[in-house]
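Here the protein sequences line up with chains A and B, keeping their order. Residue 385 in this note's numbering sits at position 199 of the first sequence, and the numbers go up by one each step. Residue 506 in this note's numbering sits at position 320 of the second sequence, and the numbers go up by one each step. Okay, structure first, notes after.
There are 2 protein chains.
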Amino acid sequence: MTDTAPRPTLEAVAARAGVSRATVSRVVNGGDGVRDVLVERVRKAVEELGYVPNQAARSLVTRRHDAVAVVVAEPETRVFADPFFALQLRGISKELTAHDNQMVLLLTEGRDDHARVGRYLAGGHVDGALVFSLHLDDPLPELIQRAGVPTVFGGRPGWRGDRRGVVYVDSDNRGGARDAVRHLAGLGRTRIAHITGALDQTSAVDRLDGYRDVMVDADPRLIAEADFTPAGGERAMRELLEHCPDVDAVFAANDLTASGALRVLRESGRRVPEDVAVIGFDDMLPLAEQADPPLTTVRQDIEEMGRLMARLLLRSLDRGTPHGDGAQGVGGTPSSVVLPTTLVRRASA
Amino acid sequence: MTDTAPRPTLEAVAARAGVSRATVSRVVNGGDGVRDVLVERVRKAVEELGYVPNQAARSLVTRRHDAVAVVVAEPETRVFADPFFALQLRGISKELTAHDNQMVLLLTEGRDDHARVGRYLAGGHVDGALVFSLHLDDPLPELIQRAGVPTVFGGRPGWRGDRRGVVYVDSDNRGGARDAVRHLAGLGRTRIAHITGALDQTSAVDRLDGYRDVMVDADPRLIAEADFTPAGGERAMRELLEHCPDVDAVFAANDLTASGALRVLRESGRRVPEDVAVIGFDDMLPLAEQADPPLTTVRQDIEEMGRLMARLLLRSLDRGTPHGDGAQGVGGTPSSVVLPTTLVRRASA
DNA sequence: GAGGCGCACGAGAGCGCTCTCACCACGCGG
DNA sequence: CCGCGTGGTGAGAGCGCTCTCGTGCGCCTC
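Shown next, in the form of structure tokens:
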């Protein structure tokens, strides 16, 4: 099993095909400007020798790696327990694969890891980085900026540093939240509560802001803080029921939280949606669909966000399009994108 | 933001420190056999110039990358929806990080992807590979073997090829299943059903075998095939209720499946565990704990499996231990490991 | 038929690093 | 006093690839 078989080099292929290294290189990289006869001969030699180019050598001269880092800055177990990341990763993976780029996953937990990530990015192993789930006090963006690696963020980074050139992909969290709350109001609900997400993330803050946009003079007791988890949702819901037993609607910061809230409402003997209408956020399947009752929620296309992040990054690396040097992009920094959300009506509101 | 700043090279550092490239290299790689004065001078120069070694150049000569590929051969959405992978990945990530190795994630969906993965591994981008979730007909192991990359599999590969040198980490699926079924029998249950996992994976087959070990002459109608998903569990449970309304216990191939079964049992008006006892597999938290009723299940330490996979791989690359050339390993191929399982009693059985 | 042009290919110079080996200056024993 | 080891350093040869240039040849043009 252990290799030992010394990989054939370009040189070897050249010798076998009776051409120069340069020609083999040309063939391997597309074969433009080489006569068909030679192309064929080289191909054959490559085949016979089982030649595979040595990436390290190639990168050394091209200064490209065809790899991007995906940095997930989630300190908790949540990282994957939350399907959110999974979906984004899938989107990213698909897009990168389609452009023959590899994905280097960097999971960080804790401060030392940040330094490690910074070093890695600065080390020039990858052509760019996709960064997720930033928290307000996160030192990562600065490290990355210093590393000088083209980067696209997932979610608007809530970060006070130099914003120039910062590119991100986000959902219209605030607009989606407004839609949700308006929908609840449209149902005639008046005591509309909000269970927030982790407020050190901009998505949670934005959704809260959207709630406030509609509920201008909301009873502050109608806002309960949670953290995007089912357990947090339960806790917050209990709190709400205690302080405001007359609550008749809940807009939860995400579906996970909503599912926790549903459980508590059920326990308390309240009917959903008759007594309390509930709306989530994400439209996380199958969670939302199979909730009891099925959850009305604000959908965001998470996989598409991932795909878009990758696409923006690749474009800024000048490889998004077959040959992106035509007119528009010219490898210029693309700008951030905010994706729309849609309200999905099910039984819970 | 866009780089442009040409990275300083070893040469530059050497010039600034007034030493040779070789000396700088020595310092950068540990600094053995260099006088402290020079070490200090070089360190200073590195600092001032912000020098970071070029990995491509280094790999070119050392033939090491300090990176391993993690191949997830799951064609379906399950890849991450199932916390199983998430946990393994965490374990892997931790272990790799601890040894300064990077993780290159390769998600495959479909046949073409296999070729891609094969090419990638053969390309010598990584020092080794960790491969998951193989299905019986999967061409991947063979491709990998041919690529000559040291590999550790997650779960026993069910594969008819050359088994020599195949290293894997697995749980004692069969033993765990036996424990579960024996437990049910110990409760006095006699009509014990089994809902299988996806039978193209060895873990599902092994659990079925464990079930059969105990239920030697089981009514074949007590075995319903599913696929490790909640939806599959529901389907299988409905089937079981139809064919064997007298079923009084169910051993499901994993917790996800069990949760589906629980739902159907509840719908059918049966009480768990009074009418039907249920046992799952995995002890996936919080799913198992928060199920209604909390799920009795067979625990396997998934994160540890991941960690172990990484450790075995690193050891076979001769970097597991500070200097693994002591007595035992000597970089020799380590052997496979099968981890024990434990039955966790909760309310459902 | 001579000159020019362009196309296909080869020669060779690096990319930034590691590593072997030769070298030099000591200090020591014979 | 000479030779020999020894530990610290530098010179230089690659690692396997890409890419620029230069060269030779066929073809077109006049």
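Beta carbons: idealized from backbone N, C-alpha and C, even for Gly.
* Are the region 487-497 of chain B and the region 275-292 of chain B touching by the rule of at least three beta carbon pairs closer than 8 Å? -> Touching, yes, given that three or more Cβ pairs across the two stretches are closer than 8 Å.
* Return the residues of the region 277-288 of chain A that lie within a Cβ-Cβ distance of less than 9 Å from chain B, sorted by chain order. => Ser279, Lys280, Thr283, Asp286 and Gln288
* To do: Could you name the residues of the same chain whose beta carbon sits closer than 8 Å to that of Ser445/B, not counting the 5 residues immediately before and after it, in chain order?
  => Pro416, Gly419, Gly466, Leu473, Ala477 and Leu481
* Could you give the distance in angstroms between the alpha-carbon of Asp511/A and the alpha-carbon of Ala253/A? -> Note that Asp511/A has pLDDT 36, beneath the 50 cutoff, so the model's placement of it is unreliable and the number below is only indicative. Taking the straight line from one Cα to the other gives about 20 Å.
* Using CA coordinates, which residue listed in Arg456/A, Asp313/A and Arg421/A is at the minimum distance from Gln241/B? -> Asp313/A
* Neighbour list for Ala242/B in chain A, Cβ cutoff strictly below 7 Å -> Ala242, Ser245 and Leu246
* Proximity winner among Asp222/A, Leu320/A, Phe318/A and Val232/A, relative to Val214/A (alpha-carbon distances) -> Of the candidates Asp222/A, Leu320/A, Phe318/A and Val232/A, the one whose C-alpha sits nearest the C-alpha of Val214/A is Val232/A.
* Asked: Looking at C-alpha atoms only, which residue of Leu427/B, Arg221/B, Asn440/B and Ala200/B is the closest neighbour of Leu235/B?
  -> Ala200/B
* **Cβ pair Asp392/A, Leu322/A closer than 8 Å** => At least 8 Å separates the beta-carbon of Asp392/A from that of Leu322/A.
* Close-in-space but distant-in-sequence residues of the same chain around Val458/A (CB under 7 Å, 5 per side omitted) -> Residues of the same chain with a CB within less than 7 Å of the CB of Val458/A, apart from the 5 flanking positions on each side, are Leu448, Leu451, Val464, Pro479 and Ser534 in chain order.
* Could you list which residues in chain A have their beta carbon closer than 8 Å to that of Ala363/B, in chain order? => Ordered by position in chain A, no residue passes the 8 Å Cβ test against Ala363/B, which lies about 26 Å from the chain.
* Closest Cα partner of Val256/A within the set Gln274/A, Pro239/A and Pro269/A -> Gln274/A
* Asked: Among Glu281/B, Arg244/B, Tyr306/B and Ala435/B, which one has its Cα closest to the Cα of Leu329/B?
  -> With respect to the C-alpha of Leu329/B, the residue from Glu281/B, Arg244/B, Tyr306/B and Ala435/B having the closest C-alpha is Tyr306/B.
* To do: Spell out whether any CB of chain A is found under 8 Å from the CB atom of Leu293/B.
  => yes
* **8 Å Cβ cutoff met for Glu411/A and Thr443/A** => no
* To do: Could you list the residues in the region 297-327 of chain A with a C-beta less than 9 Å from some C-beta on chain B, going in chain order?
  => Asp299, Arg302, Arg305, Tyr306, Ala308, Gly309, Gly310 and His311
* To do: Taking Phe437/B as part of the beta strand (DSSP E), name the residues at either end of that continuous run.
  => Ala435 to Ala438
* To the nearest angstrom, report how far apart Thr294/B and Arg302/B are at their CA atoms. => 9 Å
* **Opposing strand residues paired with Thr337/B [DSSP bridges]** => Ala315/B
* Asked: Taking Arg193/B as the reference, which of Gly334/A, Ile488/A and Asp395/A has the closest Cα?
  -> Its Cα nearest to that of Arg193/B, the residue Gly334/A stands out among Gly334/A, Ile488/A and Asp395/A.
* Asked: Opposite Arg485/B in the DSSP bridges: which residues?
  -> Asp468/B and Thr528/B
* Asked: Can a CB atom of chain A be found closer than 8 Å to the CB of Arg456/B?
  -> no
* Which partner residues of Leu275/B appear in the DSSP bridge assignment? -> Under DSSP, Leu275/B takes part in no beta bridge, so it has no partner.
* With DSSP run on the structure shown, which of helix, strand or coil describes Ala412/B? -> coil
* **Top-ranked residue by Cα proximity to Val436/A, from Ala366/A, Glu428/A, Arg532/A and Glu490/A** => Ala366/A
* With distances taken from CA atoms, which of Asp358/A, Val402/A, Leu471/A and Arg501/A is nearest Ala379/A? -> Of the candidates Asp358/A, Val402/A, Leu471/A and Arg501/A, the one whose C-alpha sits nearest the C-alpha of Ala379/A is Val402/A.
* Cα separation between Val317/B and Ser522/B? -> 14 Å
* Asked: Span of the alpha helix (DSSP H) holding Val458/B?
  -> Per DSSP, Val458/B belongs to no alpha helix (DSSP H) and is neither H nor E.
* **Val205/A - DSSP class collapsed to helix/strand/coil** => Here Val205/A sits in coil by DSSP.
* Can you tell me whether DSSP reads Ser245/B as helix, strand or coil? -> helix
* Under a Cβ-count criterion, where at least 16 other Cβ atoms within 10 Å of its own Cβ denotes burial, should Gln514/B be classed as buried or exposed? -> Only weak support exists for where Gln514/B lies, its pLDDT of 38 falling under 50; the coordinates are left without a value.
* Look up His300/B in the DSSP assignment and say whether it is helix, strand or coil. => helix
* Contacting residues, own chain, Cβ-Cβ under 7 Å from His300/B (five flanking each side not counted) -> Thr294, Pro325, Leu326 and Leu329
* Give the residues of chain A in contact with Val238/B, contact being defined as C-beta atoms less than 8 Å apart. => Arg305, Ala308, Gly309 and Gly310
* Asked: Can you list the residues of chain B that Arg193/A reaches, using a CB-CB cut of under 8 Å?
  -> Listed along the chain, the chain B residues whose CB falls inside 8 Å of the CB of Arg193/A are Gly310.
* **As assigned by DSSP and simplified to three states, the class of Val210/A** => Three-state result, Val210/A: helix.
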